[in-house]
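Residue numbers (UniProt numbering): 1 to 670.
Note that the Cβ used here is the ideal one computed from N, Cα and C, for glycine as well.
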């Protein structure tokens with residue numbers, strides 16, 4: 001007899017994974033996904049109230065020629081008149097509303113059945129609040145400290161930008177689904193505008209963060225009765241991680257965004273994944289160009305633009321790759337004997353850099369050593385101290401009166417729909433000597449730039465993707481990783497054909513596939529340190545007690561009972577510790593609880609504990625107890641109780657109440 005572990009892909013985007021792994025004893029969700037592509041259909045947002053007619057203008061509109069501004073005007077519709085479908089590509093017409101996003105999640109999944117969620121990186125963190133707002137999600141959530149702290153600052157900045165937008169919520173009156181489908185075409189990743197959402201508020205995001213348990217590198221996390229999950233650095237960004245999942249003797253590796261590129265981050269950990277039954281791949285790079293070469297070329301071009309009197313804008317998030325780009329850019333200026341001001345503008349940049357400087361375990365080996373010297377792990381801190389790089393919270397701070405040109409500005413948001421990047425694009429838009437550099441490989445260059453195409457400022461595509469390429473995966477499979485099978489999203493079908501492995505299995509969106517069988521047999525290994533009296537020979541006998549509970553095995557040897565208290569020994573007669581007359585007086589085992597759990601007994605127990613509850617009957621024959629004061633549900637079925645509660649203290653309260661209804665088979669007869 002055997003069971004099967006299955007994988008279900010809940011996201012249509014290969015670089016924004018959301019994977020559900022179903023084991024015989026539990027269900028685990030790895031990552032969640034939010035698509036920012038819908039923002040491309042909206043007009044860039046100003047932070048200044050504008051006249052009624054000008055519905056797509058931005059700050060500094062007086063800096064532009066009349067013909068440029070007129071292109072961005074259209075008649076404002078009355079409240080009772082529906083907008084026609086906005087065909088964004090041929091007419092360059094955009095939705096005049098607060099930009100929305102698309103939460104990617106296959107809605108048929110019952111969140112109450114999920115036993116744990118693991119968040120791999122900042123991108124995955126962005127989608128978490130949409131998941132947490134579902135009242136049926138009770139399970140614990142795990143991630144690394146940098147993902148929670150630094151990723152939280154990235155989201156905080158995005159919320160800050162959207163709260164400054166001077167537009168109304170999109171009422172979707174413009175939507176014509178038939179014309180929408182005709183315009184988008186047969187795109188498997190297309191989304192319906194009715195499913196787009198406004199980004200959550202600060203309160204919802206803080207609630208999601210409060211649910212997360214921080215996990216250290218290689219820390220074991222037990223899920224269900226048989227699965228253990230461990231975090232390992234993926235090398236992609238500070239705190240980004242891959243996951244090693246063990247179920248008995250079976251090992252599964254899940255690689256999210258990972259990188260072998262040499263940077264300031266902790267190196268990608270390979271050794272823990274050396275021998276696997278299955279390796280799940282996602283978030284691969286399909287680009288063949290070395291990203292370090294792109295950065296070098298980009299920095300050279302930037303310095304040349306500055307020397308010619310032009311300004312350079314980098315619309316970027318305030319954490320992560322921006323640090324490496326600034327360090328390379330300053331190095332290029334030194335090499336070319338040039339000095340120009342570099343501005344980093346973000347409401348969170350200062351805090352993010354301060355936090356990053358103390359994240360020692362997440363740096364590469366060289367920079368980890370710097371922590372033991374009077375040396376900051378980032379050159380950026382040194383550049384700020386020497387005023388080669390200047391930090392500002394916003395363009396409305398002292399920056400407005402202190403900045404000089406030509407200069408370089410790093411600011412958000414990479415979508416070019418919100419944030420101070422919109423301000424600078426318009427401010428510098430009429431001068432062809434100025435440049436905007438788009439570096440984020442997850443954004444469509446043409447769609448991001450479409451509303452600014454009439455401007456004279458020059459857009460440049462230097463999209464940097466540090467993630468693993470198929471060539472790098474092949475090298476690892478040839479030299480480092482021994483995996484019996486590889487699972488890869490079928491969107492990578494073109495590169496998957498180049499994957500050098502004899503068993504590559506593609507997984508599709510919303511279609512469960514079998515990963516590995518789970519045998520209903522056990523194999524035990526006894527290590528020699530367990531045996532105190534060893535003799536040379538071909539074999540021997542080990543006497544003791546073996547406790548099998550929740551797929552864990554505990555062994556203890558038989559004690560010398562000759563000096564034991566006879567009165568104490570008689571207490572074990574007839575108990576689970578009495579085995580053929582050999583009695584162990586002190587078994588250090590976990591409790592083996594057994595008893596009858598009925599609806600009536602639980603009602604009485606919760607009533608005695610003075611807990612208010614409601615009871616409902618489910619179609620599958622189970623009974624659900626809902627305790628609002630503890631934010632918990634207890635599902636009773638087949639004499640088993642499953643506690644669903646995200647608060648560990650409340651969970652322990654409920655477990656304690658249920659324990660009192662049961663007996664410990666080993667000790668309760670004493």
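At what residues does the alpha helix (DSSP H) containing residue i begin and finish?
i: residue 645; result: Unbroken run through residue 645 is the beta strand (DSSP E), 640-645; no alpha helix (DSSP H).
i: residue 295; result: 291-307
i: residue 356; result: 349-356
i: residue 402; result: 399-402
i: residue 269; result: Note, residue 269: premise wrong, no alpha helix (DSSP H); not H, not E.
i: residue 322; result: 321-335
Assuming contact is defined by CB atoms lying nearer than 8 Å, are residue i and residue j in contact in what I supplied?
i: residue 34; j: residue 259; result: no
i: residue 115; j: residue 28; result: yes
i: residue 149; j: residue 355; result: yes
i: residue 95; j: residue 161; result: no
i: residue 332; j: residue 312; result: no
i: residue 310; j: residue 459; result: no
i: residue 416; j: residue 315; result: yes
i: residue 234; j: residue 257; result: yes
i: residue 635; j: residue 644; result: yes
i: residue 470; j: residue 284; result: yes
i: residue 254; j: residue 509; result: no
i: residue 299; j: residue 271; result: no
i: residue 612; j: residue 628; result: yes
i: residue 362; j: residue 268; result: no
i: residue 397; j: residue 420; result: no
i: residue 605; j: residue 661; result: yes
i: residue 349; j: residue 391; result: yes
i: residue 20; j: residue 5; result: no
i: residue 456; j: residue 430; result: yes
i: residue 422; j: residue 44; result: yes
i: residue 691; j: residue 231; result: Residue coverage of the chain in this structure runs from 1 to 670, which leaves residue 691 outside it and unanswerable.
i: residue 167; j: residue 280; result: no
i: residue 639; j: residue 599; result: no
For residue i, does the three-state DSSP call read helix, strand or coil?
i: residue 119; result: coil
i: residue 626; result: strand
i: residue 196; result: coil
i: residue 9; result: strand
i: residue 381; result: helix
i: residue 81; result: Per-residue confidence for residue 81 stands at a pLDDT of 44, beneath the threshold of 50, marking its modelled position as unreliable; the derived number appears in the next sentence. Coil.
i: residue 4; result: strand
i: residue 658; result: helix
i: residue 27; result: strand
i: residue 406; result: coil
i: residue 605; result: helix
i: residue 514; result: strand
i: residue 94; result: coil
i: residue 14; result: coil
i: residue 369; result: helix
i: residue 339; result: coil
i: residue 126; result: helix
i: residue 621; result: coil
i: residue 653; result: helix
The beta strand (DSSP E) with residue i in it runs from where to where?
i: residue 280; result: 278-281
i: residue 240; result: No beta strand (DSSP E) contains residue 240, which DSSP labels as neither H nor E.
i: residue 253; result: 250-255
i: residue 142; result: 141-143
i: residue 616; result: 614-617
i: residue 633; result: 632-637
i: residue 343; result: 342-345
i: residue 391; result: 389-392
i: residue 598; result: Premise fails: residue 598 is in no beta strand (DSSP E) and is neither H nor E.
i: residue 110; result: First-last for residue 110: undefined, no H or E at that position.
With 8 Å set as the bound, which would you pick, yes or no: does the beta-carbon of residue i sit closer than that to a beta-carbon of chain C?
i: residue 399; result: Checking the listed chains, one finds no chain C in this structure; it contains a single protein chain.
Would you be able to state if there are at least three C-beta pairs under 8 Å between the segment 337-354 and the segment 432-451? No, the segment 432-451 does not touch the segment 337-354.
At 3 residues or longer, and completely inside the segment 147-232: list those beta strand (DSSP E) runs for me, N to C. Counting whole runs of 3 or more residues, the segment 147-232 contains the beta strand (DSSP E) stretches 212-214, 220-223.
If you scan the segment 421-501 from start to end, which runs of the beta strand (DSSP E) of 3 or more residues do you find wholly inside it? Within the segment 421-501, complete beta strand (DSSP E) segments of at least 3 residues are found at 435-440, 458-464, 486-489, given in chain order.
Are at least three pairs of beta-carbons, each pair with one atom in the segment 108-126 and one in the segment 218-235, less than 8 Å apart? Put simply, the segment 108-126 touches the segment 218-235. At least three CB pairs are less than 8 Å apart.
Are the segment 131-149 and the segment 237-247 touching, with three or more C-beta to C-beta distances below 8 Å? Judged by Cβ distances under 8 Å, the segment 131-149 makes contact with the segment 237-247, as three or more pairs qualify.
Do the segment 458-478 and the segment 284-299 touch if we need at least three Cβ pairs shorter than 8 Å? As far as the Cβ criterion goes, the segment 458-478 touches the segment 284-299, which means the pair count is three or higher.
At a cut of 8 Å, does the segment 196-205 reach the segment 128-140 through at least three beta carbon pairs? Look at the beta carbons and you see the segment 196-205 touching the segment 128-140: at least three pairs across the two are nearer than 8 Å.
Quick one: any contact between the segment 4-24 and the segment 99-107, if contact means 3 or more CB pairs under 8 Å? A contact exists between the segment 4-24 and the segment 99-107.
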